[in-house]
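**Q** Residue numbers (this note's numbering): 203 to 488.
Glycine included, C-beta positions come from ideal geometry on N, C-alpha and C.
Right, here's the structure in full:
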């Protein structure tokens, strides 16, 4: 199948060290420890089948969300953002939704950097649960950035407590590519959470998850992509590039070449179109 320029990249980051605080970069010695603006990515994006993108939060503060909204307003390529809300303070969440974000056309989802919290069950705190219930009532989906099986177990409990909350597992919740497991505890937990039809899988971040950032291949990640498509179905999976974190494992174009190669091999044209843009449009109310 010829890949048309219609893909929605559902996972793009930007950050500006002068405009927001990014605590996770404090001791980072990699190329990520500098500001990244969308203007740097756009020339690369133009050479891929990606037609548009969604900006995803990179800091647990409103300054980062403001930066993304400002960027979205200036670039037609950005069609939505996944922002941040103070989930530990439900009254503030309510106020922000009522007075600002529910009226903001680009504000289409929420995320918190749970993988940087010491407690893997952070999402199960009563205040957070109350805020998540609020998101469900506003039909705002939630991105879960989990990196281990404990995060996945927590996500399962959240999906049981608030079954109407649409959630997506960023980066497939770090499948055991590096360990070479097919598919172990991760696989069982993914199957369990997929039983909730409101939980989606985001195929993204797999180059860095491979444990071999320099030499990873499409063959390394294809079994995990295939497994996600099998347990979630072709109606509940979509793609994300994870730029600029993905630059630790190759160029933007390289990632999309591998992702589209896998999708085109595994799926027919109709199902590929779902994964490329239709599912994301439905999930994020685009």
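Is the distance from the Cβ of residue 409 to the Cβ of residue 211 below 8 Å?
**A** Residue 409 sits at position 207 when you count from the first residue of the chain shown. Residue 211 sits at position 9 when you count from the first residue of the chain shown. Not in contact: residue 409 and residue 211 (Cβ atoms no closer than 8 Å).
**Q** Give the list of continuous beta strand (DSSP E) stretches no shorter than 3 residues that lie fully inside the segment 209-293.
**A** Scanning the segment 209-293 for uninterrupted beta strand (DSSP E) segments of 3 residues or longer gives 209-214, 252-258, 280-285, listed from N- to C-terminal end.
**Q** According to the Cβ coordinates, are residue 417 and residue 447 closer than 8 Å?
**A** To locate residue 417, count along the chain shown from 1; it is residue 215. To locate residue 447, count along the chain shown from 1; it is residue 245. No; because the gap between Cβ atoms is not below 8 Å, this pair is not in contact.
**Q** Taking residue 235 as the reference, which of 399, 488, 216 has the closest Cα?
**A** Here the question's residue 235 lines up with position 33 in the chain shown. Minimum Cα distance to residue 235 is reached at 216.
**Q** Is it a yes or a no for the segment 321-337 touching the segment 223-242, going by three-plus beta-carbon pairs under 8 Å?
**A** no
**Q** Between residue 254 and the rest of its own chain, which residues show a CB-CB distance below 6 Å, the 5 nearest in sequence each way excluded?
**A** Counting from 1 along the chain shown, the entry for residue 254 is found at position 52. The answer, listed in chain order, is 210, 279, 281.
**Q** Rounded to the nearest angstrom, what separates residue 360 and residue 378 at their Cα positions?
**A** Looking up residue 360 in the chain shown gives position 158. Looking up residue 378 in the chain shown gives position 176. Taking the straight line joining both Cα atoms gives about 23 Å.
**Q** Verify whether the separation of the beta carbon atoms of residue 213 and residue 256 is less than 8 Å.
**A** Mapped onto the chain shown, residue 213 falls at position 11. Mapped onto the chain shown, residue 256 falls at position 54. Going by C-beta atoms, residue 213 is nearer than 8 Å to residue 256.
**Q** Compare the C-alpha of residue 444 against each of 452, 438, 390 and name the closest.
**A** As a position in the chain shown, residue 444 is number 242, starting the count at 1. Residue 444 has its Cα closest to that of 452, out of 452, 438, 390.
**Q** Run through DSSP, which three-state label would residue 206 get?
**A** Here residue 206 is taken as the residue at index 4 of the chain shown, counted from 1. Residue 206 falls in the coil class under three-state DSSP.
**Q** Please list the terminal residues of the continuous alpha helix (DSSP H) segment that includes residue 360.
**A** Reading the chain shown from its first residue, position 158 is the one you call residue 360. Counting along the chain, the alpha helix (DSSP H) containing residue 360 begins and ends at 351-363.
**Q** According to DSSP, simplified to helix, strand and coil, what is residue 429?
**A** The count along the chain shown starts at 1 and reaches residue 429 at position 227. Residue 429: helix per DSSP, three-state reduction.
**Q** Quick one: grab the DSSP three-state call for residue 315.
**A** Along the chain shown, read from residue 1 onward, the residue named residue 315 stands at position 113. In this structure, residue 315 counts as coil in the three-state DSSP scheme.
**Q** In chain order, what residues of the same chain have a beta carbon less than 7 Å from the beta carbon of residue 203, not counting five sequence neighbours either side?
**A** Against the chain shown, residue 203 aligns to sequence position 1. In this predicted model, residue 203 has a pLDDT of only 43, less than 50, meaning its place in the structure is not dependable; the value taken from the coordinates is given anyway. Once the five neighbours on either side are set aside, the close Cβ partners of residue 203 are 466, 471, 474.
**Q** Can you tell me which of 455, 404, 449 puts its alpha carbon nearest to the alpha carbon of residue 347?
**A** Residue numbering aside, residue 347 sits at position 145 when the chain shown is read from its first letter. When only C-alpha atoms are compared, the closest one is 404.
**Q** In whole angstroms, what separates the C-alpha of residue 384 from that of residue 233?
**A** Your numbering for residue 384 matches position 182 in the chain shown. Your numbering for residue 233 matches position 31 in the chain shown. Spanning the two alpha carbons is a distance of roughly 32 Å.
**Q** Does DSSP put residue 491 in a helix, in a strand, or in coil?
**A** Only positions 203 to 488 of the chain appear in the structure, and residue 491 is not among them; the question remains open.
**Q** State buried or exposed for residue 244, treating a residue as buried only when at least 16 other CB atoms are found within 10 Å of its CB.
**A** Translated into positions along the chain shown, residue 244 becomes position 42. That one is exposed.
**Q** Which residue comes first and which comes last in the beta strand (DSSP E) that contains residue 404?
**A** The count along the chain shown starts at 1 and reaches residue 404 at position 202. Its beta strand (DSSP E) spans residues 401-405.
**Q** For residue 370, which three-state DSSP category applies?
**A** On the chain shown, residue 370 is found 168 positions in, with the first residue counted as 1. Strand.
**Q** To the nearest angstrom, how far is the alpha carbon of residue 400 from that of residue 415?
**A** On the chain shown, position 198 is the one that residue 400 refers to. On the chain shown, position 213 is the one that residue 415 refers to. Spanning the two alpha carbons is a distance of roughly 32 Å.
**Q** Helix, strand or coil, according to DSSP, for residue 445 in the structure here?
**A** For the purposes of this step, residue 445 is taken as the residue at position 243 of the chain shown. If DSSP states are grouped into helix, strand and coil, residue 445 belongs with the strands.
**Q** Near residue 398, which residues of its chain fall below 7 Å by C-beta distance, leaving aside the five closest residues on each side in sequence?
**A** Along the chain shown, one-based indexing puts residue 398 at 196. Counting only Cβ-Cβ distances below 7 Å, and skipping sequence neighbours, we find 361, 365.
**Q** State buried or exposed for residue 274, treating a residue as buried only when at least 16 other CB atoms are found within 10 Å of its CB.
**A** For the purposes of this step, residue 274 is taken as the residue at position 72 of the chain shown. Buried.
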